[in-house]
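First the structure, in the form of C-alpha cells, and then the observations on it.
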Amino acid sequence: MLVISSFFSFASYASSHEFLLFLSAAIPEQLLFTRSSPSFASVLASSVRNPRFLTPATVRPLCIVTPTNASHVQAAVVCGRRHGVRLRVRSGGHDYEGLSYRSARAEQPFAVVDLAGLRSVRVSRRAATAWVDSGATLGELYYAIAKASGRLAFPAGLCPTVGVGGHLSGGGFGMLLRKHGLATDHVVDAVLVDAEGRLLDRNAMGRDVFWAIRGGGVGGSFGVVLSWRVKLVAVPPTVTAFTVAKSVEDGVVDILMKWQEVAPALPEDLLVRVIAEGQVASFQSLYLGTCDALLLVMRRRFPELGVNREHCKEMTWLQSVSYIYMGGGASVEDILNRTAAEDAVFSKATSDYVRESIPRDVWAEIFTSWLAKPDAGLMILDPYGGKMAGMPESETPFPHRGGVLYNIQYMNFWRAASEGAAQMAWVRDLYVFMEPHVSKNPREAYANYRDLDLGENVVGGGDIMSYEAGRVWGEKYYKGNFRRLAMAKAKIDPDNYFRNEQSIPPLGDQQILTNVTVAYVDHID
Numbered sequence: 240m241l242v243i244s245s246f247f248s249f250a251s252y253a254s255s256h257e258f259l260l261f262l263s264a265a266i267p268e269q270l271l272f273t274r275s276s277p278s279f280a281s282v283l284a285s286s287v288r289n290p291r292f293l294t295p296a297t298v299r300p301l302c303i304v305t306p307t308n309a310s311h312v313q314a315a316v317v318c319g320r321r322h323g324v325r326l327r328v329r330s331g332g333h334d335y336e337g338l339s340y341r342s343a344r345a346e347q348p349f350a351v352v353d354l355a356g357l358r359s360v361r362v363s364r365r366a367a368t369a370w371v372d373s374g375a376t377l378g379e380l381y382y383a384i385a386k387a388s389g390r391l392a393f394p395a396g397l398c399p400t401v402g403v404g405g406h407l408s409g410g411g412f413g414m415l416l417r418k419h420g421l422a423t424d425h426v427v428d429a430v431l432v433d434a435e436g437r438l439l440d441r442n443a444m445g446r447d448v449f450w451a452i453r454g455g456g457v458g459g460s461f462g463v464v465l466s467w468r469v470k471l472v473a474v475p476p477t478v479t480a481f482t483v484a485k486s487v488e489d490g491v492v493d494i495l496m497k498w499q500e501v502a503p504a505l506p507e508d509l510l511v512r513v514i515a516e517g518q519v520a521s522f523q524s525l526y527l528g529t530c531d532a533l534l535l536v537m538r539r540r541f542p543e544l545g546v547n548r549e550h551c552k553e554m555t556w557l558q559s560v561s562y563i564y565m566g567g568g569a570s571v572e573d574i575l576n577r578t579a580a581e582d583a584v585f586s587k588a589t590s591d592y593v594r595e596s597i598p599r600d601v602w603a604e605i606f607t608s609w610l611a612k613p614d615a616g617l618m619i620l621d622p623y624g625g626k627m628a629g630m631p632e633s634e635t636p637f638p639h640r641g642g643v644l645y646n647i648q649y650m651n652f653w654r655a656a657s658e659g660a661a662q663m664a665w666v667r668d669l670y671v672f673m674e675p676h677v678s679k680n681p682r683e684a685y686a687n688y689r690d691l692d693l694g695e696n697v698v699g700g701g702d703i704m705s706y707e708a709g710r711v712w713g714e715k716y717y718k719g720n721f722r723r724l725a726m727a728k729a730k731i732d733p734d735n736y737f738r739n740e741q742s743i744p745p746l747g748d749q750q751i752l753t754n755v756t757v758a759y760v761d762h763i764d
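At position 62 of the sequence shown the residue is numbered 301 (my numbering), and the sequence of numbers has no breaks.
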C-alpha cells in the first residue's frame with residue numbers, strides 16, 4: 240500500500256486558484272490543462288461522445304488532469320480534498336449523461352481526471368489473464384488479447400471506443416454474455432486510488448469495496464480505479480455471425496414473439512439480439528462455432544427466422560468484433576480508432592428489463608405507432624439466460640440475472656444542436672408506454688445506460704447526501720444490492736468526496752440508526 244500522508248485531513252475550502260497552484264506544483268505542467276490553456280477545449284472534447292453535453296451552457300471543469308502514472312492521480316485527489324475541489328473521472332467518455340466530464344449543477348467546482356494516458360494492456364497467455372488500464376478502450380483490449388492468442392477473448396461490450404474503466408465499473412456485456420456472463424464477473428484484482436490518496440489493491444481495499452467496484456462503481460463512486468486484472472475466456476478458432484432483417488410485411492411481430500421465447504433459452508454458445516428501427520428488425524447473432532453447427536441449432540430451435548448458409552459469415556473472434564459493430568467492410572485494425580466519427584452524434588437513451596414476454600398486440604403497436612413516428616429512434620434487445628441465469632443477484636452489484644428474458648435499450652439520435660426535443664420526447668414517452676410490460680418493484684435499469692430521468696442525488700444539511708433519495712434511482716440499477724453498495728461507500732469514502740448526480744451515497748452506522756428511527760416513528764404515526 241502506498242500512502243501520501245501529508246494532506247489527509249480536510250482543510251477549509253480554499254479558492255480554485257489555490258487548488259490549481261498546488262496541483263501545478265505536484266504534476267508536470269504538460270499534463271494539466273486549465274480553462275486558460277490553449278488546448279483546454281480540444282482536450283475536453285477529445286472523447287466527448289455526445290455533443291449534447293458540449294455546449295456553451297455545459298458546466299465545465301476548472302481543469303483537466305491527464306495522468307501518466309498513479310502518483311499524478313494521487314496528487315489530484317490530495318489537492319482536491321484539501322481545497323474543496325471534487326474530481327470526475329473519464330476513461331472513454333461514453334457516460335450516457337456526460338457525468339465523467341461535466342456537472343449537471345454549478346454548485347461546486349470540479350476537475351476532470353482523464354485516464355486516456357493510462358491505457359496499457361499486458362496479456363499473460365500462460366495464465367489466461369490480462370492487466371488493463373482504465374484508459375484503454377475495449378478495442379485496444381480485444382486487439383491485444385487476440386494478438387497474444389487467437390484462442391482467448393474477453394466478454395465485454397460491442398462498441399470498441401468504450402473505455403475499460405467505465406465499462407467494468409457498471410457491469411459490461413456484449414455478444415459473449417450468454418456464454419461467459421458480464422465483463423465484471425471476470426475481474427480478479429484492481430488498483431484503486433481512494434479518497435485519501437492511497438493506492439490499494441484487492442486485498443488492501445477489502446472484500447466489500449472490491450465487490451462494489453465490480454458493477455457498482457459507475458462514475459467513480461469509490462475512488463479512481465487505475466487498472467484491472469481480468470480472467471480471459473476460451474474461444475474456438477472459428478466463430479459465425481449473421482444478420483437477418485425482417486420487416487412488418489415479413490411478419491416480424493410474430494417472429495419477435497417467438498424470439499422472446501427462444502432467445503433466452505438457446506444454447507449458451509449462441510446469442511441472437513435484435514435491433515428494431517422503423518418497420519424492420521435486424522436479428523444479429525454470434526455463434527461460438529462453425530456455420531454448419533449454427534444452422535443445425537437454428538433449424539431446430541428457431542426456424543421462423545429462416546437463417547440459411549448465405550447469411551452465415553465464418554471468422555475469428557477478433558474479426559467478429561469489427562464485423563458486428565462496424566460492418567463487413569471494417570478491418571480488425573479499425574477497432575483501435577479511439578475517435579470514431581460515428582460516435583459524435585447527439586443522443587438520448589434509457590433502458591428496461593423484461594421478465595415476462597411482451598404481448599403480441601403491444602409489439603404490433605410498437606411497430607405501427609412508436610417506430611413509425613417521424614422522429615423515432617430504435618430499440619435494442621439483448622437476450623440473457625445461459626450463464627447469466629445461473630448466478631445469484633448478489634454475486635456482484637449488477638443484479639439483473641436469473642428470471643431476466645432480455646434487456647431493452649431505447650435510443651434516439653440527431654445531428655444538429657437545434658434539434659433534439661422531439662427525439663428525446665420519443666424516448667421518454669415510449670418509456671412511459673412500456674411501463675406495464677417490463678420489470679416492476681423496482682422497474683429495473685442498467686447502470687451503464689445511465690439516465691438522470693430516473694432520479695438524482697439530493698444533498699441536505701451538513702453537505703450530507705440523502706441515502707433515501709438515492710434509493711429512487713439506485714434500486715432501479717442495483718435492486719437490493721444498493722444498500723450494500725452504500726455501506727461499502729461509507730467504509731472507503733465516508734466523507735463522500737467522490738460524488739456526482741448518481742454516485743453511491745455513504746450509509747454509515749449513524750445514518751442506519753437515523754433511518755431505523757424515522758421508520759419506527761412513521762410506523763407509530
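Backbone N, C-alpha and C define an ideal beta-carbon position, used for all residues, glycine too.
Could you say which of the options lies nearest to residue i if we only look at CA atoms?
| i | options | result |
| --- | --- | --- |
| VAL677 | LYS587, GLU595, LYS715, GLY625 | GLU595 |
| LEU283 | VAL312, ASP353, HIS256 | ASP353 |
| VAL492 | ILE605, THR423, HIS419 | ILE605 |
| LEU644 | VAL501, SER561, LEU438, SER255 | VAL501 |
| ALA588 | ASN289, ALA280, VAL513 | ASN289 |
| LEU326 | PHE393, VAL426, ALA434, MET444 | ALA434 |
| ARG512 | VAL483, VAL432, VAL536, ASP489 | VAL483 |
| ALA661 | PRO613, SER633, ASP573, CYS530 | PRO613 |
| GLY404 | TRP712, ASP600, ARG453, LYS418 | ARG453 |
| ASP621 | SER608, ARG364, PHE412 | PHE412 |
| THR368 | PRO733, GLU346, PRO476, LEU391 | LEU391 |
| THR294 | PHE737, SER657, ASP489 | SER657 |
| PRO475 | GLU553, ARG538, ARG599, SER276 | GLU553 |
Along the beta strand (DSSP E) that carries residue i, what are the first and last residues, could you check?
| i | result |
| --- | --- |
| GLN648 | 645-653 |
| LEU525 | 519-526 |
| ALA369 | 368-372 |
| TYR592 | 585-593 |
| ARG325 | 325-329 |
| ARG689 | Looking at the DSSP string, ARG689 is not in any beta strand (DSSP E), and its letter there is neither H nor E. |
| ASP493 | Segment 491-501 is the alpha helix (DSSP H) holding ASP493; no beta strand (DSSP E) there. |
| LYS679 | Premise fails: LYS679 is in no beta strand (DSSP E) and is neither H nor E. |
| VAL427 | 426-432 |
| LEU260 | Taken as a continuous stretch (DSSP letters only), LEU260 belongs to no beta strand (DSSP E), being part of the alpha helix (DSSP H) at 255-265. |
| ILE303 | 302-304 |
| ILE563 | First-last for ILE563: 556-565, but that is the alpha helix (DSSP H), not the beta strand (DSSP E). |
| VAL469 | 463-470 |
So, using beta-carbon positions, are residue i and residue j closer together than 7 Å?
| i | j | result |
| --- | --- | --- |
| THR423 | THR273 | no |
| HIS639 | TYR670 | no |
| MET650 | LEU617 | yes |
| TRP653 | ALA615 | no |
| PHE522 | LEU544 | yes |
| GLY624 | PRO503 | yes |
| ASP508 | LEU534 | no |
| TRP602 | LEU495 | yes |
| SER559 | ALA628 | no |
| GLU740 | ALA343 | yes |
| VAL432 | ARG468 | no |
| GLY356 | LEU724 | no |
| THR305 | LEU262 | no |
| TYR382 | LEU525 | no |
| VAL298 | GLY436 | no |
| GLU714 | PRO744 | no |
| GLY699 | LEU610 | no |
| ALA387 | ARG364 | yes |
| PRO399 | LEU377 | yes |
| ARG775 | PHE279 | The structure shown does not extend to residue 775, since the chain spans only 240 to 764, so no value can be given for it. |
| GLU268 | HIS322 | no |
| LEU746 | TYR716 | no |
Hey, residue i and residue j are a contact pair by Cβ (cut 8 Å); roughly how many whole angstroms apart?
| i | j | result |
| --- | --- | --- |
| VAL287 | GLY332 | 6 Å |
| MET414 | ILE266 | So it is not a contact: roughly 39 Å between Cβ atoms. |
| VAL478 | TRP556 | 5 Å |
| LEU465 | ALA314 | About 13 Å; that fails the 8 Å criterion. |
| LEU259 | CYS302 | 6 Å |
| LEU460 | LYS730 | In the sequence as presented, Leu is not what sits at residue 460; that position holds Ser. Not really, about 12 Å apart at Cβ, beyond 8 Å. |
| GLU184 | LYS718 | With the chain running from 240 to 764 in the structure shown, residue 184 is simply not present. |
| ARG667 | GLU336 | At roughly 14 Å, the Cβ-Cβ gap does not stay under 8 Å, so ARG667 and GLU336 are not in contact. |
| ARG441 | ALA451 | Incorrect: roughly 12 Å between the Cβ atoms, too far for contact. |
| ARG320 | LYS626 | Actually they do not touch by this definition, with Cβ atoms about 41 Å apart. |
| VAL472 | PRO394 | 6 Å |
Taking only beta-carbon positions, decide if residue i is within less than 7 Å of chain E.
| i | result |
| --- | --- |
| MET537 | Protein chains in the displayed structure number just one, and chain E is not present. |
Tell me the residue span of the alpha helix (DSSP H) that contains residue i.
| i | result |
| --- | --- |
| LEU380 | 377-387 |
| LEU669 | 660-672 |
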